[in-house]
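The sequence shown finishes on residue 564 if you use full-length UniProt numbering, and the numbering steps up by one all the way, no holes.
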Amino acid sequence: MDTMTAGGAIFTRLKALGVDYVFANSGTDFPPVIEGLAEAAAKEIALPRALVIPHEHAAMGMAHGYYLMSGRSQAVMLHTNVGLSNGATGAINAACEHVPILLMSGRTPVTEEKRFGARTVPIAWGQEMRDQTALVREACKWDYELKFPEQVGGLLDRAWAIANSTPKGPVYLSLPRETLCEATPRAGLEGPPSLSPVAVAPDAAALAEAARLLAGAERPLVIAQRGAGDAASFTAFGRWVEAWGIAVCSWWATHLSISTEHPCHVGADPGPWLAEADVVLVLDCLAPWWPDRHALRPDARVIHMGPDPLFSRFPVRNFRCDVAVAGESAVTVPALIDAMAGLPRDEAAIAARRARLAEGSEATRRAAREKAADVRRGITKAYVSLCLGEALDGLEASVFSELGTQLGTLKRSEYRSWFQEPHSGGLGWSFPCALGAQLAEPDRICVATMGDGSYMFANPTVCHQIAEALALPVLVIVLNNEEWGAVRASVAGLYPGGHAARANEMPLTALKPSPDFTQTAAASRAWSRRVTDPAEVPAAIAAALTVVCEERRQALLDIRVLPD
């Protein structure tokens with residue numbers, strides 16, 4: 001019988017499931033995995049490419065970014081409990097954004113002696129936990145531990161199917177070393193999946209009610225955070241809202257649902273539009289507005305639509321919901337458009353509404369960009385956003401912003417051209433996510449923009465090493481204000497007249513003196529430049545884009561900005 005180690009069987013099965021890469025951070029539990037890889041190579045068995053990723057958070061971020069570009073779930077393999085703990089933040093981010101990742105980590109040997117793969121070094125005792133999976137259980141849709149080598153195929157099929165079922169998300173499989181050391185039959189490992197993911201279809205009655213409400217609304221509003229589905233539904237969504245004259249707000253948008261230049265895109269603030277809306281469509285939003293600041297009309301009707309309209313994984317989320325429509329946006333958006341196609345229309349009212357929205361959206365964009373262009377006090381995040389949007393105009397590019405550039409001031413028009421940090425707030429996401437996206441689409445311009453604190457959270461030495469090792473020409477822009485700007489803003493928001501807001505330097509927020517990030521990048525042979533003069537920003541961005549596009553080399557700009 002043709003057999004192979006369970007460690008090698010895992011990779012063989014992952015390949016059959018459509019996994020292109022395994023982002024791995026290895027440890028003492030990996031010998032049977034590494035032996036299995038070598039065995040498979042010797043037997044010319046097709047496998048996913050195993051990549052050495054020097055930090056687990058980077059591995060998770062790259063799997064996240066690869067999925068955003070490709071739509072295919074990838075695998076991450078980490079080292080026992082310590083590696084899993086470093087990857088837990090990435091699992092939380094993926095869960096929040098419904099990103100399917102096949103997460104695995106070794107388990108320290110259970111046996112102390114007399115079994116192949118038993119404990120050999122002191123850390124095998126030190127890394128044992130009663131419940132290792134607890135590190136990621138709340139972030140994962142499914143978890144299990146491999147008990148026997150012949151389970152590899154079935155368990156991976158189940159993990160893959162659950163991860164890619166609506167709503168999507170990460171799953172976790174624990175891998176004891178003794179089990180990985182055992183042999184298992186190769187037969188069947190290269191066959192098609194034995195389980196199919198579940199795609200949820202919208203309820204016909206709920207869809208019809210949503211369509212009726214929107215078609216009859218006088219002041220309809222869509223609040224969208226996580227895009228409008230795939231490329232086709234993104235395009236259809238933009239045409240639909242224009243045809244019906246529906247306002248679209250991108251409150252804390254993590255994906256682009258509509259072009260920032262669209263006449264119905266009213267910007268990021270839902271406040272004035274929510275106050276007058278009689279029907280609100282909440283399109284895949286974890287938190288569609290700020291309850292203490294934004295008020296609904298008492299008679300407004302609210303529709304929630306998305307993979308999990310009520311976000312059932314989160315303990316508290318009590319936004320009003322009169323109609324719930326479940327399903328992936330690539331399915332529900334076209335279905336809603338079709339459901340409204342034959343309904344009565346007041347053409348005169350729609351035309352007037354459309355004209356009003358176009359005037360308001362243009363005024364909002366113009367005001368924001370005129371304010372951003374004022375650099376008399378120095379460089380601001382808004383100014384960098386304005387300059388970057390102009391530089392990328394007409395180019396196939398994706399911006400991954402983490403407390404960095406600002407959507408709207410930054411022009412973004414195309415599907416997959418904008419991503420923002422997950423609302424879970426696991427910082428250090430932007431840089432590795434851009435690396436994963438670049439790996440998935442080598443010809444796309446991938447730009448990671450982030451604050452200086454977020455850059456440090458990303459383990460930048462690791463990320464720059466990955467960019468050089470894999471020849472990934474990402475552009476990194478650090479908007480460096482030498483502080484935790486989000487923390488300072490939160491304190492000032494809660495205590496606007498408090499002692500901290502009045503202090504010359506707010507406690508627990510400063511990041512001074514700032515390291516020279518250009519040297520961090522240069523250590524991995526990246527092109528880098530520090531910018532302090534507003535007049536230099538456009539030319540610096542243009543020079544960096546030349547490096548990534550023509551030299552195919554990573555670049556970093558350390559731009560010193562004023563606190564917001």
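Note that beta-carbon positions come from the ideal geometry of N, C-alpha and C, so glycine has one too.
**Prompt:** With which residues is GLN74 paired in a DSSP beta bridge?
**Reply:** Partner residues in the beta bridge of GLN74, as assigned by DSSP, are ILE101.
**Item:** Cβ shell of ASN459 (< 7 Å), same chain only, five flanking positions each side left out
**Value:** Correct list, in chain order: HIS55, HIS57, ALA58 and GLY428.
**Message:** If distances are taken between C-alpha atoms only, which option among LEU221, ALA159, PRO220 and PHE237 comes closest to ALA228?
**Reply:** The shortest Cα separation from ALA228 among LEU221, ALA159, PRO220 and PHE237 belongs to PHE237.
**Between the CA atoms of ASP131 and ARG177 - distance to the nearest angstrom** = Each residue's Cα considered, the two are about 16 Å apart.
**Item:** Same chain, Cβ closer than 8 Å to ALA523, neighbours up to 5 away in sequence not counted
**Value:** Answer for ALA523: THR461 and HIS464, listed in chain order.
**Request:** Along the beta strand (DSSP E) that carries GLU402, what are the first and last residues, could you check?
**Result:** First-last of the beta strand (DSSP E) with GLU402: 397-402.
**Prompt:** Grouping DSSP H, G and I as helix and E and B as strand, with all else coil, what is PRO538?
**Reply:** Helix, per DSSP.
**Item:** Reduced DSSP category for HIS55 - H, G, I as helix; E, B as strand; rest coil
**Value:** In the structure shown, HIS55 sits in coil (DSSP, three-state: anything other than H, G, I, E or B).
**Message:** Once DSSP output is grouped into helix, strand and coil, what is the label at HIS294?
**Reply:** Coil, per DSSP.
**Asked** Helix, strand or coil: which one does DSSP assign to ASN86?
**Response** In this structure, ASN86 counts as helix in the three-state DSSP scheme.
**Asked** Is DSSP giving GLU505 helix, strand or coil here?
**Response** Reduced to three states, the DSSP call for GLU505 is coil.
**Request:** Note down the Cα distance separating ARG365 from VAL248, rounded to an integer number of angstroms.
**Result:** Taking the straight line from one Cα to the other gives about 14 Å.
**Request:** Report the option in ASP20, ASP29, PRO32 and ARG320 whose CA atom is closest to the CA atom of LEU51.
**Result:** Per the Cα distances, ASP20.
**Message:** With H, G and I counted as helix, E and B as strand and the rest as coil, what does DSSP make of PRO31?
**Reply:** Helix at PRO31.
**Asked** Under 9 Å, do VAL474 and GLN554 count as touching if we go by C-beta distance?
**Response** Yes.
**Asked** With a Cβ-Cβ cutoff of 9 Å, do HIS98 and ASP29 count as a contact?
**Response** With contacts defined as CB atoms closer than 9 Å, HIS98 and ASP29 fail to qualify as a contacting pair.
**Asked** Nearest-angstrom Cα distance between CYS549 and ARG444?
**Response** When the Cα atoms are used, CYS549 and ARG444 turn out to be separated by approximately 9 Å.
**Prompt:** Just reading off the alpha helix (DSSP H) that SER528 is part of, what are its end residues?
**Reply:** Per DSSP, SER528 belongs to no alpha helix (DSSP H); it is in the beta strand (DSSP E), 527-531.
**Prompt:** Candidates ALA208, VAL222 and GLY451: which alpha carbon is nearest LEU357's?
**Reply:** Ranked by Cα distance from LEU357, the first of ALA208, VAL222 and GLY451 is VAL222.
**Message:** What does DSSP give as the partner residue(s) for THR166 in the beta ladder?
**Reply:** Listed as beta-bridge partners of THR166 by DSSP are no residues whatsoever.
**Message:** Quick test of the definition: if touching needs 3 or more C-beta pairs under 8 Å, does the stretch 415-429 touch the stretch 388-398?
**Reply:** The stretch 415-429 vs the stretch 388-398: in contact.
**Item:** Proximity to PRO100 [Cα-Cα], best of ASN481, VAL333, ALA159 and LEU557
**Value:** The shortest C-alpha separation from PRO100 is found at ALA159.
**Item:** Buried versus exposed call for MET270 [16 or more other C-beta atoms within 10 Å across all chains shown]
**Value:** For the record, residue 270 in the displayed sequence is Pro; it is not Met. By the 16-neighbour rule on beta-carbons within 10 angstroms, PRO270 is buried.
**Asked** DSSP three-state call for ASN81: helix, strand or coil?
**Response** Here ASN81 carries a helix assignment [DSSP, helix/strand/coil].
**Asked** With C-beta atoms as the reference, is PRO185 less than 9 Å away from THR12?
**Response** With respect to the 9 Å criterion, PRO185 and THR12 are not classified as neighbours on the basis of their beta carbons.
**Prompt:** Residues in its own chain within less than 8 Å of LEU173 by CB, not counting five upstream and five downstream?
**Reply:** Within the same chain, Cβ atoms closer than 8 Å to the Cβ of LEU173 are found at LEU102, LEU103, MET104, ASP143, TYR144, GLU145, LEU146, LEU155, LEU156 and ALA159, the five residues on either side in sequence being excluded.
**Asked** Can you list the beta strand (DSSP E) stretches of 3 or more residues lying completely in the stretch 114-149, in chain order?
**Response** Those beta strand (DSSP E) runs which fall completely within the stretch 114-149 and span 3+ residues are 143-145.
**Asked** Which first and last residues belong to the alpha helix (DSSP H) in which ILE45 is found?
**Response** No alpha helix (DSSP H) holds ILE45; DSSP gives it neither H nor E.
**Message:** Taking 6 Å as the limit between beta carbons, can you name the residues of its chain near GLU421, skipping five residues before and five after?
**Reply:** Around GLU421: GLU402 and TRP429.
**Request:** Look up VAL491 in the DSSP assignment and say whether it is helix, strand or coil.
**Result:** Helix.
**Request:** Label PHE314 either buried or exposed according to how many other C-beta atoms from any shown protein chain fall within 10 Å of its C-beta, with 16 as the threshold for buried.
**Result:** So PHE314 counts as exposed.
**Asked** Short check: CB of GLY7 to CB of LEU47, under 9 Å?
**Response** By the CB criterion at 9 Å, GLY7 and LEU47 fall outside the cutoff.
**Message:** Am I right that PHE23 and ILE45 are in contact with their C-beta atoms under 8 Å? What's the rounded C-beta distance?
**Reply:** 20 Å between Cβ atoms; not a contact.
**Item:** Proximity to VAL547 [Cα-Cα], best of ALA526, ILE559 and ASP533
**Value:** For the residues ALA526, ILE559 and ASP533, the minimum Cα distance to VAL547 belongs to ALA526.
**Request:** Could you spell out where the alpha helix (DSSP H) holding THR364 opens and where it closes?
**Result:** Start and end: 347-373.
**Request:** Just confirm the distance between the C-beta atoms of TRP251 and HIS423, as a whole number of angstroms; I'd bet it's less than 8 Å.
**Result:** Actually they do not touch by this definition, with Cβ atoms about 11 Å apart.
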